[in-house]
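Participant:
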């Protein structure tokens with residue numbers, strides 16, 4: 000389906016791939032489109048909703064600057080998935096032992112490993128580059144308790160919120176493993192630190208913005224290169240975090256199913272990041288906040304909520320979306336609103352058939368708090384084609 004709404008009230012248009020977008024998100028999109036360095040237009044994905052500064056589900060091409068809040072504070076957050084030789088008939092009727100094995104292997108929420116689990120060859124370059132960033136910005140390391148150690152202990156951990164680990168079945172009844180996580184505490188610290196630095200830069204140069212959270216760092220100015228270095232470190236760390244988690248997940252599965260193989264290469268993709276790309280005749284810093292790259296032929300992952308379908312997709316390279324698509328279903332209500340509206344019985348009903356936590360601690364992640372993933376997929380038929388449809392049978396939450 001093509002663009003459904005186009006806003007033309009700002010300096011550049013905003014092209015939106017849904018009619019289901021609330022007023023606060025529309026305001027944020029218009030504020031971004033007013034900025035002087037936006038190239039061509041802003042694209043809003045079908046799962047778009049309000050965020051801090053920039054909406055979640057927005058793709059923003061910028062010439063000569065980066066808005067840290069348009070990347071977000073969960074730098075490099077994204078998805079990892081692979082297919083196994085196991086089939087539905089290989090799974091037991093009761094999957095609780097599978098869930099408990101995963102939870103025992105991979106810390107969730109605020110927990111972390113008691114010692115680093117990743118290989119030294121992974122840890123050493125990450126440590127070297129992170130400590131160089133800390134040396135330039137010692138205030139950054141003070142924002143997290145035991146920051147020089149915590150990043151290594153959190154490598155291979157899930158986190159909380161909408162992050163998850165799932166065992167899924169596809170349309171052929173093949174088993175998939177899928178997980179969603181990012182750069183953990185250290186990525187959050189980097190994001191918040193540079194958003195605040197950008198705000199101070201706006202004050203120092205007396206630059207007035209439609210929204211102070213849209214503070215930017217200009218190419219060639221103080222701190223720009225430092226942010227680029229730090230954000231790319233966060234993205235690399237997030238990628239390694241998902242790889243390490245998938246390794247631990249496979250080990251956990253082997254305790255329950257001794258004989259299986261990987262039958263489809265892993266897809267590991269960011270959906271909160273910045274990259275240098277060429278679009279509409281210009282090289283830009285393209286920020287995808289709650290969006291994934293959907294270049295022609297590129298495989299990606301679009302998950303639903305903890306009771307809904309997820310999709311392995313292939314990009315169609317649509318230039319209007321800057322070769323992007325949605326990163327998931329997108330929230331329709333805040334976490335606090337979900338807790339007010341739904342109860343434990345609702346959660347049990349909406350996650351029927353899924354082995355997962357069904358307690359009050361995860362009500363804010365109930366499927367009813369999200370957009371209908373099938374409608375989201377229908378809205379982006381021009382952006383991706385569906386390769387596999389997955390349905391979870393086990394879901395681990397922080």
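In the numbering used here, the protein residues as written are 0 to 397.
For glycine and all other residues, C-beta sits at the position ideal for the given N, C-alpha and C.
Can you list, in chain order, the residues of its chain with a C-beta nearer than 7 Å to that of residue 162? Leave out the 5 residues immediately preceding and following it.
Facilitator: In the chain shown, counting from the first residue as 1, residue 162 sits at position 163. 179, 180, 397, listed in sequence order.
Participant: Among 20, 70, 132, which one has its Cα closest to the Cα of residue 271?
Facilitator: Position 272 of the chain shown holds residue 271. Among 20, 70, 132, the Cα nearest to that of residue 271 is on 70.
Participant: Please classify residue 401 as buried or exposed, where buried requires at least 16 neighbouring CB atoms within 10 angstroms.
Facilitator: Since the first residue of the chain shown is 0 and the last is 397, residue 401 is not available in this structure.
Participant: Grouping DSSP H, G and I as helix and E and B as strand, with all else coil, what is residue 21?
Facilitator: Taking the first residue of the chain shown as position 1, residue 21 is located at position 22. It is coil, neither helix nor strand.
Participant: Would you call the region 202-210 in contact with the region 74-93, where contact means no fewer than 3 C-beta pairs closer than 8 Å?
Facilitator: No, the region 202-210 is not in contact with the region 74-93.
Participant: With 16 as the cutoff for other CB atoms within 10 Å, does residue 343 come out buried or exposed?
Facilitator: For this step, residue 343 is matched to residue 344 along the chain shown. By the 10 Å Cβ count, residue 343 comes out exposed.
Participant: In whole angstroms, give me the CA-to-CA distance for residue 105 and residue 148.
Facilitator: Sequence index remark: in the chain shown, residue 105 carries index 106 (1-based). Sequence index remark: in the chain shown, residue 148 carries index 149 (1-based). If I take the Cα positions, the gap works out to 18 Å.
Participant: What residue range does the beta strand (DSSP E) around residue 177 cover?
Facilitator: The sequence position of residue 177 within the chain shown is 178, counting from 1. Start and end: 173-180.
Participant: State the CB to CB distance for the pair residue 254 and residue 273, rounded to an integer number of angstroms; the pair is presumed to be in contact (CB under 8 Å).
Facilitator: Translated into the one-based positions of the chain shown, residue 254 becomes position 255. Translated into the one-based positions of the chain shown, residue 273 becomes position 274. The pair is not a contact, with the Cβ atoms about 39 Å apart (cut-off 8 Å).
Participant: Could you check the C-alpha separation between residue 338 and residue 220 for me, to the nearest Å?
Facilitator: Here residue 338 refers to the residue found at position 339 when the chain shown is read from its first residue. Here residue 220 refers to the residue found at position 221 when the chain shown is read from its first residue. The straight-line gap from Cα to Cα measures roughly 44 Å.
Participant: Please report the straight-line C-alpha distance between residue 43 and residue 258, rounded to a whole angstrom.
Facilitator: By one-based count along the chain shown, residue 43 stands at place 44. By one-based count along the chain shown, residue 258 stands at place 259. Whole-angstrom Cα-Cα distance: 44 Å.
Participant: Just to confirm my understanding: we take residue 2, look at its own chain, exclude 5 residues before and 5 after, and list those with CB closer than 8 Å. What are they?
Facilitator: Walking along the chain shown from the start, residue 2 turns up at place 3. Excluding sequence neighbours, residue 2 sits near 14, 15, 16, 319.
Participant: Smallest Cα separation from residue 267: which of 76, 12, 6?
Facilitator: Position 268 of the chain shown holds residue 267. Of the listed residues, the one whose Cα sits closest to residue 267 is 76.
Participant: Where in the region 132-208 do unbroken runs of the beta strand (DSSP E), each at least 3 residues long, occur, reported from the N-terminal end onward?
Facilitator: Runs of the beta strand (DSSP E) inside the region 132-208: 163-168, 173-180.
Participant: Across which residues does DSSP place residue 394 in a beta bridge pair?
Facilitator: For the purposes of this step, residue 394 is identified with residue 395 of the chain shown, where counting begins at 1. Answer by DSSP bridge pairing, in chain order: 165, 355.
Participant: Quick test of your reading: residue 291 and residue 324, contact by CB under 8 Å. State the CB separation rounded to the nearest angstrom.
Facilitator: Stepping through the chain shown from its first residue, residue 291 is reached at position 292. Stepping through the chain shown from its first residue, residue 324 is reached at position 325. About 6 Å; that satisfies the 8 Å criterion.
Participant: Is the CB-CB distance between residue 60 and residue 215 below 9 Å?
Facilitator: To locate residue 60, count along the chain shown from 1; it is residue 61. To locate residue 215, count along the chain shown from 1; it is residue 216. No, the pair does not count as a contact, with Cβ atoms beyond the cut-off.
Participant: Quick one, are the C-beta atoms of residue 404 and residue 383 less than 9 Å apart?
Facilitator: Coverage of the chain is limited to positions 0 through 397, which leaves residue 404 absent and any answer about it impossible.
Participant: By Cβ distance, which residues of its chain are closer than 8 Å to residue 241, with the 5 residues on each side in sequence left out?
Facilitator: One-based indexing of the chain shown puts residue 241 at position 242. Taken in chain order, the residues that qualify are 77, 78, 79, 178, 180, 267.
Participant: Just the Cα atoms here: how many angstroms apart are residue 191 and residue 128?
Facilitator: Sequence index remark: in the chain shown, residue 191 carries index 192 (1-based). Sequence index remark: in the chain shown, residue 128 carries index 129 (1-based). Cα to Cα, residue 191 sits roughly 19 Å from residue 128.
Participant: Counting only runs of 3+ residues fully inside the region 24-109, write out the beta strand (DSSP E) ranges in chain order.
Facilitator: For the region 24-109, whole beta strand (DSSP E) runs of length 3 or above, ordered along the chain, are 41-48, 55-61, 77-86.
Participant: What is the DSSP secondary structure of residue 254, counted as helix, strand or coil?
Facilitator: The count along the chain shown starts at 1 and reaches residue 254 at position 255. DSSP places residue 254 in helix when its eight states are reduced to three.
Participant: Examine chain B for any beta-carbon lying closer than 9 Å to the beta-carbon of residue 271, and answer yes or no.
Facilitator: The chain labelled as chain B is not found in the depicted structure, where only one protein chain is given.
Participant: How big is the Cα-Cα spacing for residue 168 and residue 244?
Facilitator: If you number the chain shown from 1, residue 168 lands on position 169. If you number the chain shown from 1, residue 244 lands on position 245. So the alpha carbons of these two residues sit roughly 20 Å apart.
Participant: In the DSSP assignment, what residue or residues form a beta bridge with residue 280?
Facilitator: For the purposes of this step, residue 280 is identified with residue 281 of the chain shown, where counting begins at 1. In the DSSP output, where bridge partners are listed per residue, residue 280 has none listed.
Participant: Considering only their Cβ atoms, is the gap separating residue 193 from residue 398 smaller than 9 Å?
Facilitator: Nothing about residue 398 can be reported from this structure: the residues present for the chain run from 0 to 397 only.
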